[in-house]
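Engineer: Chains as they are written, first to last, in numbering that gives the first Met the number 0: chain A, 0 to 529; chain B, 0 to 347; chain C, 0 to 89.
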Amino acid sequence: MQFNTIEFAVFFLCVLIIFYIMPKKFRWIVLLIASGIFYLLAGINFLAYLGITILSTFAFGLGIDHIHKVQKVNLKQDGLTRDEKKHIKARYKRNRQYLVALNLLVNLGLLFFIKYFNFLSSNFSRLLSFAKVDSTPLLLELVLPLGISFYTFQTIGYIVDVYRGKYAAERNIFKFALFVSFFPQIIQGPIGRFDKLSPQFFENNEFDYKRICYGLQLFLWGLFKKLVIADRINIAVNQVYDNWKTSDGVSFIIATALYSIQIYADFSGCMDMAGGVAETFGVQLDKNFDHPYFSKTMPEFWRRWHMTLGTWFKDYLFYPVSTSKFSQKLNKKSRKRFGNNAGRLIAGCFPIFVVWLSTGFWHGAELKYIAWGLFHGILIMSSLIFTPVNNAISDKLHIPREKLPFRMFQMIRTFILCCIGRVFFRSPSVSVSFTILKKVITDVNFSAFMKRLTYLNMGLDEKDWCVAAVSILLLWAVSLIQEKYKVRDLIAKRFIVVRWIVFYAAVFAVIVFGIYGPGYDASTFIYNQF
Amino acid sequence: MKMPKHAGMMIRILLFFVIFLLLFQNVSRVLVFGEKGLKMRIRGFYEEPANSIDVVFLGPSSIYPYFIPGLAYQEYGLVSYNFGIPAMKISMIKYSLMEVEKLQNPDLFVIDIRTAVSENTELNEVRKRRLIDNMELGEAKLEVIHDLVDTEDRISYYLGIIKYHTRWKEISKTDLQVLLRKTDPKKGFQARLKIKPCEEYVWTGTTQEREALTEENEKSLRELLAYCKENNINALFTASPWCMTEQTVKRQNSLKDIVAEYGYTMLDTNDYYEEMDWDFNTDMDDKKHANVLGAAKYTTFLSDYLMKHYDLEDKSDDAKYEEWNQAYNLYLKNCAKIKKKYKNLKLE
Amino acid sequence: MLSKTFTLQHTNNKMEKIQELLQGIMPHIDFENERNLIDDGILDSLDIVSIISELTSEFDIEIPTEEITPENFNSLQSISTMVDRLMEED
Chain A
0 MQFNTIEFAV FFLCVLIIFY IMPKKFRWIV LLIASGIFYL LAGINFLAYL
50 GITILSTFAF GLGIDHIHKV QKVNLKQDGL TRDEKKHIKA RYKRNRQYLV
100 ALNLLVNLGL LFFIKYFNFL SSNFSRLLSF AKVDSTPLLL ELVLPLGISF
150 YTFQTIGYIV DVYRGKYAAE RNIFKFALFV SFFPQIIQGP IGRFDKLSPQ
200 FFENNEFDYK RICYGLQLFL WGLFKKLVIA DRINIAVNQV YDNWKTSDGV
250 SFIIATALYS IQIYADFSGC MDMAGGVAET FGVQLDKNFD HPYFSKTMPE
300 FWRRWHMTLG TWFKDYLFYP VSTSKFSQKL NKKSRKRFGN NAGRLIAGCF
350 PIFVVWLSTG FWHGAELKYI AWGLFHGILI MSSLIFTPVN NAISDKLHIP
400 REKLPFRMFQ MIRTFILCCI GRVFFRSPSV SVSFTILKKV ITDVNFSAFM
450 KRLTYLNMGL DEKDWCVAAV SILLLWAVSL IQEKYKVRDL IAKRFIVVRW
500 IVFYAAVFAV IVFGIYGPGY DASTFIYNQF
Chain B
0 MKMPKHAGMM IRILLFFVIF LLLFQNVSRV LVFGEKGLKM RIRGFYEEPA
50 NSIDVVFLGP SSIYPYFIPG LAYQEYGLVS YNFGIPAMKI SMIKYSLMEV
100 EKLQNPDLFV IDIRTAVSEN TELNEVRKRR LIDNMELGEA KLEVIHDLVD
150 TEDRISYYLG IIKYHTRWKE ISKTDLQVLL RKTDPKKGFQ ARLKIKPCEE
200 YVWTGTTQER EALTEENEKS LRELLAYCKE NNINALFTAS PWCMTEQTVK
250 RQNSLKDIVA EYGYTMLDTN DYYEEMDWDF NTDMDDKKHA NVLGAAKYTT
300 FLSDYLMKHY DLEDKSDDAK YEEWNQAYNL YLKNCAKIKK KYKNLKLE
Chain C
0 MLSKTFTLQH TNNKMEKIQE LLQGIMPHID FENERNLIDD GILDSLDIVS
50 IISELTSEFD IEIPTEEITP ENFNSLQSIS TMVDRLMEED
């Protein structure tokens, strides 16, 4: 069930009403049942996969906790030497590691299998064909359970945190099930952390009119971004990219820039809808976007885009890899050989590329996502390498880096680099991406652009372009304001008539300008005259 | 302490929703449905004062290009309205009858059923929407959606804005007039301004033979007649002048039989070409529809018939019906237009 | 009394040693005065990795990932405190 459907609106309203009718201590159960129903509607087979992950992670979590306890008891024994203590710790740590490994095997294995089996199989065939061995790839009809990439990562985060002793394992399977399956965030995240998310289900859920209103307003804003902006631009982007063979360079420039805006409006819109829904229940989901296109450098971009994925990879892949014995040896040797600055960068390549390849791979079982991940990995490395160089140059040239013009230059530069990456993300394949990038330089049809033919051939007429332009400008303006203020607070301070005008305008903007419904074609009526 | 606090909040919530519903209803008014003439005709009908119209004409395009309410009022003081819908199938007439009955309770329905002699046509989405989307929410609308629309499609019929919201790009004067709840100045008449000589398409023979209608059409017709009989509807069934073939004539003969079975009269105006001074070379817009010149003849003939055979009041000089005088003026303008267009034909 | 002074001195020596180490790999950062090394973005993740590499080999401790928090790395003092704690736990 997607957020932008009438079914969801009805579902959400019912859950909201039942939630607040129930006494406070049962309210989390309402959320659990609602999440179960929500997931059930996505298909009963999928519920089995979710169930396996919930049960296994819960069980392994308890197991790890148990080992922690046993370890503590054993360490309290009298007369243990330092070495003996070390030995005990190491042994129990190994046991805990086995459990974590088993859990990863089950859950990450499940994710891997369902998501990547066909990809690996067909590429294996391709490799064989390079070796002149003919084979037909074994392909299975595997349908991805809803949100599996997200909830699997969320549960892995939990089990690793329990292993690290960050908090005790959850002892109530139903409470744990709610953490994993909470319906606003199960489809697309944000990827939550147990210690931050779970307590919220059980506290601060008293009826708060203002908080509920705020949640609904956030939901409305997300709906606007998705239905009015993202789905509208999508038409133009599809037109250009699906017909990539005949689209020219200028079309690709426009479509790619638009795609960057589309994907932001779509993803952050869904995040706002999820966040708004959660807020009405008193749950604050983690922020996933912080106006990424205001970033001045690529590392900054990745601290503002899909933030929970970034921090997940940082805490559960980057740091473990980069603080591993192998990586540390590399780091030390590298710094000895190349000096501290260059050395740490060179040694940094290894964990950075592991993370970026994984990030790319996580997005989809296709080569193009890996290429995209690699591209961003290279950009991050380049940024780390060149930033001090660039700073030195601009210092010499007396360019004021803090002033607006330079910051704007940096933002535009970052945006353009992002767009190049988006080409790989959106194109059907890596080879097509290179074709497109070539077209952008070689096949530029300015005369068609000047005659307005370019953008009138993208499936949108002038009126649609007007709506797109105005709504994107509105998005930009709101984003600017949000950098400093909380917009909902600003609105709440206004006179009631003004507030309601804003809300009605937003609602009707979605109803009238949203891209939804079977569509109306006047010509079908004309052909039914008699 | 809790009660007043919550009361204020509840009032605000309620008020917000009430205003939202009002806005929503009006936005729907503007955007829902795109065929201007039809939208005005049906929506305008809802704005007529209740129980003010004496004769309502029902049917497809065999009705509204033919009868001129303005002229009928001018000549006989007859207060009438064309509740006609393009390409309407017999099976749908019942629903428009239900709705009109509720709003106006007219003294007489005149229902044109010549379409029953045609071959079967599909009850497609367009045909359904032409009636349903212009109806106001009520019992009849819910019934017709329930009867004619598949469950999975119904939501866009209940909430027309789901389908029509993209019409924001093409809002017309008609949409705004519907928003302002204006009545139809033409009282449902559609003036056609072409002259197409059609005499060659008319079968000149006569026959009393009958040919059966298609099974579907006969079934629909009988259902309609049964409904009228059950509900004691005062109705006259008609067939307006058109280019008939031999088969059409035979089938139209069957029509008369079937109508008679239920105790109703059928007036086949195709038997009265001489009385109407009907000329297929000047009075037709195309093979199936009259132009404004033919419509004048038809109106005079039929109004005369109605006044003679039914107990209908002459309401000329009744200030309540000033709009019908306006409708007559519009008709005169259309006459002038067609005569100017075809100067060479020297029409009077 | 004597042991307390000894411990304090020992700690101060350790902090000086840590400062020396850090300043050696990142000469441009003012470790003496900065209090928000992580929160203000003065140290990025690669810097942290290098610091960990130095600290683990110098003091023969393990700095697991869950120790990588602003609380532990925001200032020289907090880094030193963390090192002390990890040495003791071992």
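Note that the Cβ used here is the ideal one computed from N, Cα and C, for glycine as well.
Would you check if there are 3 or more beta carbon pairs closer than 8 Å linking the region 433-441 of chain A to the region 249-256 of chain A?
Structural biologist: yes
Engineer: Taking DSSP as the reference, what is the three-state secondary structure of M265/B?
Structural biologist: Residue 265/B sits at position 266 when you count from the first residue of the second sequence. M265/B carries a strand assignment under DSSP once its states are collapsed to helix, strand and coil.
Engineer: From W243/A to I435/A, what distance separates their C-alpha atoms?
Structural biologist: Here residue 243/A corresponds to residue number 244 of the first sequence, with the count starting at 1. Here residue 435/A corresponds to residue number 436 of the first sequence, with the count starting at 1. Distance between the alpha carbons of W243/A and I435/A: 8 Å.
Engineer: Residues of chain C with CB closer than 9 Å to the CB of D314/A, please, in chain order.
Structural biologist: Within the first sequence, the letter at position 315 stands for residue 314/A. Within chain C, the C-beta atoms nearer than 9 Å to that of D314/A come from T64, E65, I67, in chain order.
Engineer: Against chain C, with Cβ distances strictly below 8 Å, would T322/A count as a contact?
Structural biologist: For this step, residue 322/A is matched to residue 323 along the first sequence. Output row for T322/A: interface = yes.
Engineer: Which parts of the region 263-312 of chain B are runs of the alpha helix (DSSP H), unbroken and 4 residues or longer, counting only runs that do not cross its ends?
Structural biologist: 272-275, 291-308
Engineer: Count the other CB atoms, across all protein chains shown, that sit within 10 Å of the CB of H27/C; report buried if there are 16 or more and exposed otherwise.
Structural biologist: The sequence position of residue 27/C within the third sequence is 28, counting from 1. Exposed.
Engineer: Run down chain B in chain order and give the residues with a C-beta less than 8 Å from the C-beta of Y208/A.
Structural biologist: Translated into the one-based positions of the first sequence, residue 208/A becomes position 209. Result: M8.
Engineer: Entirely within the region 189-225 of chain B and at least 4 residues each: give me those alpha helix (DSSP H) ranges in chain order.
Structural biologist: none
Engineer: Which of helix, strand or coil does DSSP assign to N328/B?
Structural biologist: The residue labelled residue 328/B in the question sits at position 329 within the second sequence. It is helical.
Engineer: Between K340/B and chain A, is any beta-carbon pair separated by less than 8 Å?
Structural biologist: Here residue 340/B refers to the residue found at position 341 of the second sequence. So, not an interface residue.
Engineer: May I ask you to report which of helix, strand or coil DSSP gives S323/A?
Structural biologist: Position 324 of the first sequence, counted from the start, is the residue given in the question as residue 323/A. Coil.
Engineer: Beta-carbon of K127/B versus every beta-carbon of chain A: anything under 8 Å?
Structural biologist: Translated into positions along the second sequence, residue 127/B becomes position 128. No - not a single Cβ of chain A is within 8 Å of the one on K127/B.
Engineer: What do you get for F494/A, buried or exposed, if any count of 16 or more other CB atoms within 10 angstroms of its CB means buried?
Structural biologist: Locating residue 494/A in the first sequence gives position 495, where the first residue counts as 1. When all chains shown are included, F494/A counts as exposed.
Engineer: Counting C-beta neighbours from all protein chains within 10 Å, is the total for V52/A 16 or more, i.e. buried, or is it exposed?
Structural biologist: In the first sequence, the residue the question calls residue 52/A occupies position 53. In the sequence as displayed, the identity of residue 52/A is Thr instead of Val. Per the 10 Å Cβ criterion, buried.
Engineer: Within 10 angstroms of its Cβ, does L383/A collect 16 or more other Cβ (buried), or is it exposed?
Structural biologist: If you number the first sequence from 1, residue 383/A lands on position 384. Buried: at least 16 other Cβ atoms inside 10 Å.
Engineer: For A246/B, which residues from the same chain have a beta carbon less than 7 Å from its beta carbon, with the 5 sequence-adjacent residues on both sides left out?
Structural biologist: Position 247 of the second sequence holds residue 246/B. According to the sequence provided, residue 246/B is Gln. The question's Ala does not apply to it. Excluding positions up to five away in sequence, the list reads E210.
Engineer: In whole angstroms, what is the alpha-carbon distance linking I20/A and L96/B?
Structural biologist: By 1-based counting over the first sequence, the position of residue 20/A is 21. By 1-based counting over the second sequence, the position of residue 96/B is 97. Distance between the alpha carbons of I20/A and L96/B is about 46 Å.
Engineer: Look at the Cβ atom of I24/C, then the Cβ atom of E70/C, and state whether they are nearer than 8 Å.
Structural biologist: Position 25 of the third sequence, counted from the start, is the residue given in the question as residue 24/C. Position 71 of the third sequence, counted from the start, is the residue given in the question as residue 70/C. Taking 8 Å as the Cβ cut-off, I24/C and E70/C do not qualify as a contacting pair.
Engineer: Report the start-end ranges of each alpha helix (DSSP H) in the region 465-523 of chain A that is 4 residues or longer and not cut off at the edges.
Structural biologist: 486-491, 495-512
Engineer: Does the distance from the CB of S134/A to the CB of L127/A come in under 8 Å?
Structural biologist: Numbered from 1 along the first sequence, position 135 holds the residue referred to as residue 134/A. Numbered from 1 along the first sequence, position 128 holds the residue referred to as residue 127/A. Yes. Within cutoff.
Engineer: Going by CA-CA distance only, name the one from L39/A, D488/A, I525/A, V477/A that's closest to F223/A.
Structural biologist: Within the first sequence, the letter at position 224 stands for residue 223/A. Nearest C-alpha to F223/A: V477/A.
Engineer: Among residues of its own chain, excluding the 5 on either side of S302/B, which ones have a beta-carbon nearer than 7 Å to its beta-carbon?
Structural biologist: Locating residue 302/B in the second sequence gives position 303, counting from the first residue. Correct list, in chain order: A71, E74, Y75, L77.
Engineer: Please classify E169/A: is it buried, with 16 or more other beta-carbons within 10 angstroms of its beta-carbon, or exposed?
Structural biologist: If you number the first sequence from 1, residue 169/A lands on position 170. E169/A comes out buried.
Engineer: What is the residue span of the alpha helix (DSSP H) that F236/B lies within?
Structural biologist: As a first step, residue 236/B must be located in the second sequence, where it is residue number 237. Looking at the DSSP string, F236/B is not in any alpha helix (DSSP H); the run it does join, the beta strand (DSSP E), is 234-238.
Engineer: DSSP three-state label for L40/A, please.
Structural biologist: Numbered from 1 along the first sequence, position 41 holds the residue referred to as residue 40/A. If DSSP states are grouped into helix, strand and coil, L40/A belongs with coil.
Engineer: Excluding the 5 residues flanking M0/A on each side, which residues of the same chain have their C-beta closer than 6 Å to its C-beta?
Structural biologist: As a working note, residue 0/A is residue 1 in the first sequence. If we look at M0/A and ignore the five residues flanking it on each side, its Cβ neighbours are E6, F7, L40.
Engineer: Please classify G35/A: does DSSP put it in a helix, a strand, or coil?
Structural biologist: For the purposes of this step, residue 35/A is taken as the residue at position 36 of the first sequence. The answer is helix: DSSP assigns G35/A an H, G or I state.
Engineer: Roughly how many whole angstroms lie between the Cα atoms of A47/A and Q199/A?
Structural biologist: Within the first sequence, residue 47/A is the residue found at index 48, counting from 1. Within the first sequence, residue 199/A is the residue found at index 200, counting from 1. Roughly 26 Å separates the two Cα atoms.
Engineer: Say whether the region 177-187 of chain B touches the region 325-344 of chain B, bearing in mind that this needs 3 or more beta-carbon pairs closer than 8 Å, one atom from each stretch.
Structural biologist: Contact holds: three or more Cβ-Cβ distances are below 8 Å.
Engineer: Using a Cβ-Cβ cut-off of 7 Å (strictly less than) and excluding sequence neighbours within five positions of S120/A, which residues of its own chain qualify?
Structural biologist: Taking the first sequence and counting its residues from 1, the one referred to as residue 120/A is at position 121. Same-chain partners within the cutoff: P136, L137, L138.
Engineer: Under 9 Å, CB to CB, which of the residues in the region 2-14 of chain A have a partner in chain B?
Structural biologist: I5
Engineer: Comparing the C-beta of S44/C with each C-beta of chain A, is any distance below 8 Å?
Structural biologist: Translated into the one-based positions of the third sequence, residue 44/C becomes position 45. Yes - at least one Cβ of chain A is within 8 Å of the one on S44/C.
Engineer: Taking the straight line between their C-alpha atoms, what separation do you get for L145/A and I186/A?
Structural biologist: Along the first sequence, one-based indexing puts residue 145/A at 146. Along the first sequence, one-based indexing puts residue 186/A at 187. One C-alpha to the other measures close to 6 Å.
Engineer: Would you say the beta carbon of H27/C comes nearer than 7 Å to a heavy atom of the ligand PLP?
Structural biologist: Summarising the ligand content, the structure contains no ligands, and the ligand PLP is consequently not present.
Engineer: On the criterion of 16 or more Cβ atoms from any shown chain inside 10 Å, does H288/B qualify as buried, or is it exposed?
Structural biologist: Translated into positions along the second sequence, residue 288/B becomes position 289. Answer is buried; the Cβ neighbour count reaches 16.
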